[in-house]
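**Student:**
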Amino acid sequence: MDYEVEVHFQPVYELISSIHTFICKKGSKKIDLGTAWAADVARGLSPGLLAVLEETDLDNDWKLLNLLIYLCPDKDHVEHVLEWLEGLSVGEIYETLAGHVSIFPAQMEQYRSRMIFLLSEWNRQYFSSCTPDLMEKLHQHAEERRQALAGSPVADFVNKTTNGFYFMPGDGLRKLVLIPQYHFQPINIIYNFGALTICHYAGKIQASEEEISPSMHRTLRSLGEKSRLKILKSLGGERKSFTEIVRQAGLSKGIVHDHISSLRSAGLLHAYIEGENVTAYSLRLEGIQQMNEQLFDYLK
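Its first residue numbered 29, the sequence shown is counted upward by one per residue in the numbering used here.
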């Protein structure tokens with residue numbers, strides 16, 4: 029691989045991941061937190077914050093906020109990031125972003141004010157009450173992955189860490205930053221800025237000890253569908269595009285998309301990433317092996 033890989037974690041990353049999860053609440057059936065989480069959180073939020081959240085789209089402005097947070101020189105505490113954002117002039121925000129992007133928010137001052145309000149109020153009304161144990165688990169996970177990175181081939185490390193992603197080195201990619209997240213599990217979030225790609229990946233973090241792990245249960249449920257098993261078998265050792273999978277499956281694009289999403293989240297597919305787009309899939313047999321080991325240990 030022609031790019032370097034780093035593993036980062038600070039609580040501010042989980043703060044922004046939790047906001048992302050709330051904004052995506054219509055698809056909450058696909059996340060481990062389930063459909064009740066967003067409703068429970070909403071009951072504790074002010075009308076003003078709820079209104080801003082409803083108006084916030086996961087568009088280029090949101091993508092740039094993720095970049096700004098990554099570029100903040102002091103991310104040890106959420107408050108430090110907020111102070112840094114508040115202290116930046118409009119010109120300094122342009123200068124900070126200009127090394128990575130060429131498209132900026134239309135009204136930078138309004139953009140900054142809205143994002144600072146969103147981050148600070150979400151932190152005050154929800155995120156600051158998240159258990160310290162959760163942040164500690166994410167810190168420990170990131171440290172374990174950093175240690176594993178030192179002795180692993182890059183492609184194998186990324187595959188294992190992200191549960192099946194391969195980031196292709198084309199299009200000028202020079203640095204891949206991997207950030208474990210809890211709220212949006214089992215889905216990974218990718219932001220590409222040319223030479224830099226940031227991936228918030230599902231860290232398989234459990235807020236509490238459960239007898240049956242969500243990852244094992246997810247894999248078992250994913251395999252309980254004939255069409256998904258046929259898709260896995262059709263892939264074999266080959267790499268195929270979504271269009272090729274649809275053609276061979278003989279199903280609608282929407283149904284195949286749902287099947288692939290389920291199989292991907294269960295770690296049963298390799299996904300090949302160029303920029304922010306998945307260009308192909310292949311069978312990930314180690315996902316089956318991991319499920320077998322988890323199931324054996326549980327039953328034993």
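Glycine is no exception: its CB is placed at the ideal position from the N, C-alpha and C atoms.
Answer with buried or exposed for residue 170, where buried requires no fewer than 16 other C-beta atoms within 10 angstroms of its C-beta.
**Tutor:** Working through the sequence shown from its first residue, we reach residue 170 at position 142. That one is buried.
**Student:** Out of 321, 119, 183 and 233, which has the shortest C-alpha to C-alpha gap to residue 172?
**Tutor:** Position 144 of the sequence shown holds residue 172. Nearest of 321, 119, 183 and 233 to residue 172, Cα basis: 233.
**Student:** Quick check on the burial criterion: 16 or more other C-beta atoms within 10 angstroms. Buried or exposed for residue 294?
**Tutor:** Along the sequence shown, read from residue 1 onward, the residue named residue 294 stands at position 266. Counting Cβ neighbours within 10 Å, residue 294 comes out buried, since at least 16 surround it.
**Student:** Output needed for residue 48: all residues of its chain with C-beta closer than 7 Å, excluding positions within five of it in sequence on either side, in chain order.
**Tutor:** Within the sequence shown, the letter at position 20 stands for residue 48. Here the set comprises 86, 212 and 217.
**Student:** Less than 8 Å between the C-beta atoms of residue 192 and residue 298, yes or no?
**Tutor:** Residue numbering aside, residue 192 sits at position 164 when the sequence shown is read from its first letter. Residue numbering aside, residue 298 sits at position 270 when the sequence shown is read from its first letter. Going by C-beta atoms, residue 192 is nearer than 8 Å to residue 298.
**Student:** Between which two residues does the alpha helix (DSSP H) holding residue 313 run?
**Tutor:** In the sequence shown, residue 313 corresponds to position 285, counting from 1. Unbroken alpha helix (DSSP H) run through residue 313: 313-327.
**Student:** Count the other CB atoms, across all protein chains shown, that sit within 10 Å of the CB of residue 145; report buried if there are 16 or more and exposed otherwise.
**Tutor:** Translated into the one-based positions of the sequence shown, residue 145 becomes position 117. The residue in question, residue 145, is exposed, as its Cβ has fewer than 16 Cβ neighbours within 10 Å.
**Student:** In angstroms with no decimal places, state the Cα-to-Cα distance between residue 214 and residue 45.
**Tutor:** On the sequence shown, residue 214 is found 186 positions in, with the first residue counted as 1. On the sequence shown, residue 45 is found 17 positions in, with the first residue counted as 1. Distance between the alpha carbons of residue 214 and residue 45 is about 12 Å.
**Student:** Counting Cβ pairs, one atom from each stretch, are 3 or more of them under 8 Å apart for the segment 277-289 and the segment 310-320?
**Tutor:** With a cut-off of 8 Å, the segment 310-320 and the segment 277-289 do not count as touching, because too few Cβ pairs lie within range.
**Student:** Check whether the Cβ atoms of residue 35 and residue 177 sit closer than 8 Å, and answer yes or no.
**Tutor:** Here residue 35 refers to the residue found at position 7 when the sequence shown is read from its first residue. Here residue 177 refers to the residue found at position 149 when the sequence shown is read from its first residue. It is a contact, given that the beta carbons lie within the stated cut-off.
**Student:** Please determine, among 186, 222 and 291, the residue with the shortest C-alpha to C-alpha distance to residue 206.
**Tutor:** Counting from one through the sequence shown, the residue named residue 206 turns up at place 178. Minimum Cα distance to residue 206 is reached at 186.
**Student:** Which one of 225, 231 and 65 has the shortest CA to CA distance from residue 210?
**Tutor:** Your numbering for residue 210 matches position 182 in the sequence shown. Cα-wise, what sits closest to residue 210 is 231.
**Student:** Tell me whether the beta-carbon of residue 77 lies closer than 8 Å to the beta-carbon of residue 155.
**Tutor:** As a position in the sequence shown, residue 77 is number 49, starting the count at 1. As a position in the sequence shown, residue 155 is number 127, starting the count at 1. Not closer than 8 Å, so no.
**Student:** Kindly indicate which three-state DSSP category residue 187 falls into: helix, strand or coil?
**Tutor:** Mapped onto the sequence shown, residue 187 falls at position 159. Helix, per DSSP.
**Student:** Spell out the partners DSSP gives residue 203 in its beta bridges.
**Tutor:** Locating residue 203 in the sequence shown gives position 175, counting from the first residue. Its beta-bridge partners are 32 and 224.
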